[in-house]
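One structure is given below, encoded as structure tokens.
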Amino acid sequence: MGDRNSILRGVKPTDFSHVRKLAVPFIQKKPQGSSNISSNPSLALNPKAPTRRPDPIILLSPSASSLLRLSNIRSFLEQGRYVNPDGGAAASSMLHVSRIMKEIDPSRPMRFILVEGPEQFKPEYWNRVVAVFTTGQSWQFKNYKWSNPQDLFRRIQGVYVGWRGDQPPESVREWGHRVMHIGVDRWRDGAGAIEAAKFRDKEASEAIWRIIEAGMKAKGWTKSTAPTLL
């Protein structure tokens, strides 16, 4: 064992020329099947994994007056059942709901991301927004890519959910047909009223899904891809 300098310099190089001479016949004569494997992508050892379809996004209103919040939106969209939103803050800032979209992918459910604001968005996330729930308050859109409601709803389907029988706010009516109006029952007293309300809740939920699916199909959502430009 040498001193520190000799260790850093390394040992004297070893002559491996005789080994290279012995290996030449093996290097030059490759097995017949190796070229076939490399030229056939289906036989590749590490084929590239298929890209995963991005999840569509639904934006909710953060307004305290909204009838649908993170605390009750899942039961409404997945089960067609409306319950009043909790008064406190939601336990999570994001939810997932699943739904079979038969016109796009009848074989597997699509997972939707639900959030109340775009603060964590990357620019490309806007291509995945398929609906915006609103109460008609334009301050909701101040951090949106399109802060003008008319510009926003020309590109993305709007949904206003209010009490059945009530007129939507004037602002919502001014935004035009691209904002869907849906009503849920305010009064649910008595067994008959409760059952009727449940039936109408389901109808309202299904109507929202139908218009979301139609918009997604028109924009180019498929089994494996999302649109790249709105």
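When we follow the UniProt record's numbering, the leftmost residue of the sequence shown carries the number 1, and every step to the right adds one.
Cβ coordinates follow ideal geometry from the N, Cα and C atoms, glycine included.
Using a threshold of 8 Å, state whether the C-beta atoms of residue 141 and residue 147 are closer than that. Result yes, Cβ atoms of residue 141 and residue 147 sit closer than 8 Å.
Where residue 78 falls, given that 16 or more other Cβ within 10 Å makes a residue buried: By the neighbour-count criterion, in which 16 or more other beta carbons inside 10 Å mark a residue as buried, residue 78 falls on the exposed side.
Touch check for the stretch 101-117 and the stretch 60-78: three-plus C-beta pairs under 8 Å? Yes: the two stretches touch, three or more of their Cβ pairs being nearer than 8 Å.
Could you check how far apart the C-beta atoms of residue 183 and residue 162 are, in whole angstroms? I think they sit under 8 Å. That belief holds up - the Cβ atoms of residue 183 and residue 162 are roughly 6 Å apart, short of 8 Å.
Among all the DSSP beta bridges, which residues are the ones paired with residue 172? DSSP output for residue 172 lists no bridge partner at all.
Can you tell me where the beta strand (DSSP E) with residue 149 in it begins and where it stops? That residue, residue 149, is in no beta strand (DSSP E); its alpha helix (DSSP H) goes 149-155.
State the DSSP-derived secondary structure class of residue 160, mapped to helix, strand or coil. Strand.
Note down, in chain order, each residue of its chain lying with its Cβ closer than 6 Å to the Cβ of residue 221, except the 5 sequence neighbours on either side. Contacts found: 104.
Can you give me the C-alpha to C-alpha distance between residue 227 and residue 219, rounded to a whole angstrom? If I take the Cα positions, the gap works out to 6 Å.
Local conformation of residue 131 per DSSP, three classes: Of the three classes helix, strand and coil, the one that applies to residue 131 here is strand, per DSSP.
Please confirm whether residue 160 and residue 129 have their CB atoms less than 8 Å apart. In this structure, residue 160 keeps its C-beta atom at 8 Å or more from the C-beta atom of residue 129.
Burial state of residue 213, where buried means 16 or more other Cβ atoms lie within 10 Å: Its Cβ being crowded by 16 or more others within 10 Å, residue 213 is buried.
Inter-residue Cα distance where the pair is residue 56 and residue 106: Rounded to whole angstroms, the separation of the alpha carbons of residue 106 and residue 56 is 16 Å.
Quick one: residues in its chain with C-beta nearer than 8 Å to the C-beta of residue 75, no 5 flanking neighbours on either side, listed in chain order? Exclusion of the five residues before and after residue 75 leaves 81, 82, 83 as the residues of its chain whose Cβ lies within less than 8 Å of its Cβ.
Could you tell me the alpha carbon to alpha carbon distance between residue 196 and residue 134, rounded to whole angstroms? Distance between the alpha carbons of residue 196 and residue 134: 26 Å.
Any heavy atom of the ligand MG closer than 7 Å to the beta-carbon of residue 67? The ligand MG is absent from the structure shown, which contains no ligands of any kind.
My output table needs one value for residue 105: the three-state DSSP class, helix, strand or coil. It is a strand residue.
Spatial neighbours of residue 109 within its chain, please: CB distance less than 7 Å, with the 5 preceding and 5 following residues excluded, ordered by chain position. Same-chain partners within the cutoff: 98, 99, 100.
What number of angstroms, rounded off, separates the C-alpha of residue 225 from the C-alpha of residue 210? Residue 225 and residue 210 have their C-alpha atoms roughly 20 Å apart.
Return the bridge partner residues of residue 199 from the DSSP annotation. Beta bridge pairing from DSSP links residue 199 with no other residue.
To the nearest whole angstrom, what separates the beta carbons of residue 59 and residue 132, a pair I think is in contact under 8 Å? Rounded to whole angstroms, the Cβ separation of residue 59 and residue 132 is 5 Å, and the two are in contact under 8 Å.
Hey, out of 181, 85, 53, 54, whose CA is closest to residue 65's CA? Out of 181, 85, 53, 54, 85 has the C-alpha closest to the C-alpha of residue 65.
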